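**Student:** Residue numbers (the numbering used here), protein chains in the order written: chain A, 1 to 209; chain B, 1001 to 1115.
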Amino acid sequence: MKGLIGKKVGMTQVFDESGNIVPITLIEAGPCYVTIIRHPKRDHYKAVQLGFGEAKPKHLSGGQLGHLKKNDLPPLRYLREFRVKSVEDLKEGDQLKVDVFQIGDYVDITGISKGKGFAGGIKRHRFHRGPKTHGQSDRERAPGSAGAGSTPGRVFKGKKMPGHMGTARVTSQNIRVELIDPERNLLGVRGSVPGARGSVVMIKEVRKH
Amino acid sequence: MSDLIKAVEAPVNTNLPELNPGDSVSVHFKIREGERERVQEFKGVVIRIRKGGNNANITVRRTASHGIGVERTFPLRSPRIDKIEIQRRAHVRRSKLYYLRDRTGKRARLKEKRH
């Protein structure tokens, strides 16, 4: 299994060997430790739990410390489970660093998107804007009709409406790894990644490619 | 800016001269044509300088034939930049010379800097 937990550092651009500009997001990823392996026999599913980010022991509960102590691991702040096809290739206590990935690999990256607050239909569901002229008033960003009249006589469930947007778990698929710096535990991936700077992201093997 | 971002950025191109808005420059940059690589020259006035590490760039404006303005933006840390030569320095009073876009002919001239 290949996977890492990291912290988004920010975006910049770098030059590739032929001098082209490549936009990248930097992630401070790993070192991660395998904290527990979920076996089908015991847990009825297959997953590998990784831990990332050293913390002071006083910031973890006794249960968390005991869980990590089982494999003589340092106190870790973030634990995330990665679903896997096979649990055979890793042992509990193993360490994973950025070099599990290579330049040119494709990865999926999961993060918590930036919060947008209470957003209207245009931002939240890509609705079209109403007309600005032709005698219109108050229609520019209005959501429009919520449905038909007496039949069905109600608004359908799941009707797209304004509401809270962002702060959701988002996965960006098929992102190319452009840069690896094992010394600084840095991973550079092409383009953008969900979440704010400093937020925790999961870097996973691609599901579809 | 984060130190981690600085760590992956290309080093500053030290053989570039100190550039100012209003400078008439000739930018030599490498372009690739199939397998061959050659150096192309672009002469014009620096109308904008943007800083910001790896993203630093300059925009050079020149007037091509028939009075058509041409602007090109060059990333300063690009390995494709061969050299930049300053031919003339002008006295200008702002950092972004966008007003040159609305001027042609004699009105588009800039006064030379006095030393």
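The C-beta atom is built at its ideal place from N, Cα and C for all residues, glycine as well.
Since the model is a prediction, treat every value here as computed from it, not as a measurement.
For the alpha helix (DSSP H) containing residue 1021 of chain B, list its first residue and its last residue.
**Tutor:** In the second sequence, the residue the question calls residue 1021 of chain B occupies position 21. Looking at the DSSP string, residue 1021 of chain B is not in any alpha helix (DSSP H), and its letter there is neither H nor E.
**Student:** Per DSSP, residue 86 of chain A is paired with what?
**Tutor:** Numbered from its first residue, the first sequence carries residue 86 of chain A at position 86. None; residue 86 of chain A has no bridge partner.
**Student:** Using DSSP with H/G/I as helix, E/B as strand and the rest coil, what is residue 172 of chain A?
**Tutor:** Your numbering for residue 172 of chain A matches position 172 in the first sequence. Residue 172 of chain A falls in the strand class under three-state DSSP.
**Student:** How is residue 1055 of chain B classed by DSSP in three states: helix, strand or coil?
**Tutor:** Within the second sequence, residue 1055 of chain B is the residue found at index 55, counting from 1. Here residue 1055 of chain B sits in helix by DSSP.
**Student:** Cβ of residue 13 of chain A less than 8 Å from any chain B Cβ?
**Tutor:** Taking the first sequence and counting its residues from 1, one reaches residue 13 of chain A at position 13. Judged by the 8 Å Cβ criterion, residue 13 of chain A is in contact with chain B.
**Student:** Under three-state DSSP, which class holds residue 1066 of chain B?
**Tutor:** Locating residue 1066 of chain B in the second sequence gives position 66, where the first residue counts as 1. Here residue 1066 of chain B sits in helix by DSSP.
**Student:** Give the residues from the segment 163 to 187 of chain A that approach chain B closer than 8 Å (Cβ to any Cβ), ordered along the chain.
**Tutor:** Here the close residues are 179, 181, 184 and 186.
**Student:** Assuming residue 81 of chain A contacts residue 34 of chain A (C-beta within less than 8 Å), just tell me the rounded distance between them.
**Tutor:** The residue labelled residue 81 of chain A in the question sits at position 81 within the first sequence. The residue labelled residue 34 of chain A in the question sits at position 34 within the first sequence. About 11 Å separates the two Cβ atoms, so there is no contact after all.
**Student:** Measure from the alpha carbon of residue 36 of chain A to the alpha carbon of each residue in A:17, A:51 and A:30, then state which is nearest.
**Tutor:** Counting from 1 along the first sequence, the entry for residue 36 of chain A is found at position 36. Cα-wise, what sits closest to residue 36 of chain A is A:51.
**Student:** Use the C-beta contact count for residue 207 of chain A: other C-beta atoms within 10 angstroms, 16 or more gives buried, fewer gives exposed.
**Tutor:** The count along the first sequence starts at 1 and reaches residue 207 of chain A at position 207. Exposed, because fewer than 16 other Cβ atoms sit within 10 Å of the Cβ of residue 207 of chain A.
**Student:** Report yes or no: is there a C-beta of chain B within less than 8 Å of the C-beta of residue 18 of chain A?
**Tutor:** For the purposes of this step, residue 18 of chain A is identified with residue 18 of the first sequence, where counting begins at 1. Yes, contact with chain B.
**Student:** May I ask you to list the residues that DSSP assigns as paired with residue 181 of chain A?
**Tutor:** Taking the first residue of the first sequence as position 1, residue 181 of chain A is located at position 181. Answer is A:186.
**Student:** Closest by CA to residue 100 of chain A, which one among A:209, A:147, A:3 and A:202?
**Tutor:** Walking along the first sequence from the start, residue 100 of chain A turns up at place 100. Ranking the options by Cα distance to residue 100 of chain A, first place goes to A:3.
**Student:** Report the three-state DSSP secondary structure of residue 987 of chain B (helix, strand or coil).
**Tutor:** Given that chain B is displayed from residue 1001 to residue 1115, the structure contains no residue 987 of chain B and the question cannot be resolved.
**Student:** Just to confirm the assignment, what range does the beta strand (DSSP E) spanning residue 37 of chain A have?
**Tutor:** For the purposes of this step, residue 37 of chain A is identified with residue 37 of the first sequence, where counting begins at 1. Start and end: 32 to 38.
**Student:** For residue 140 of chain A, which residues in the same chain have their Cβ closer than 7 Å to its Cβ, ignoring the five residues on either side in sequence?
**Tutor:** For the purposes of this step, residue 140 of chain A is identified with residue 140 of the first sequence, where counting begins at 1. Around residue 140 of chain A: 129, 130 and 132.
**Student:** If you measure beta-carbon to beta-carbon, which residues of the segment 1002 to 1018 of chain B are closer than 8 Å to chain A?
**Tutor:** Residues 1002, 1004, 1005, 1007, 1008, 1009 and 1010.
**Student:** What first and last residue would you give for the alpha helix (DSSP H) that runs through residue 102 of chain A?
**Tutor:** For this step, residue 102 of chain A is matched to residue 102 along the first sequence. Taken as a continuous stretch (DSSP letters only), residue 102 of chain A belongs to no alpha helix (DSSP H), as it is neither H nor E.
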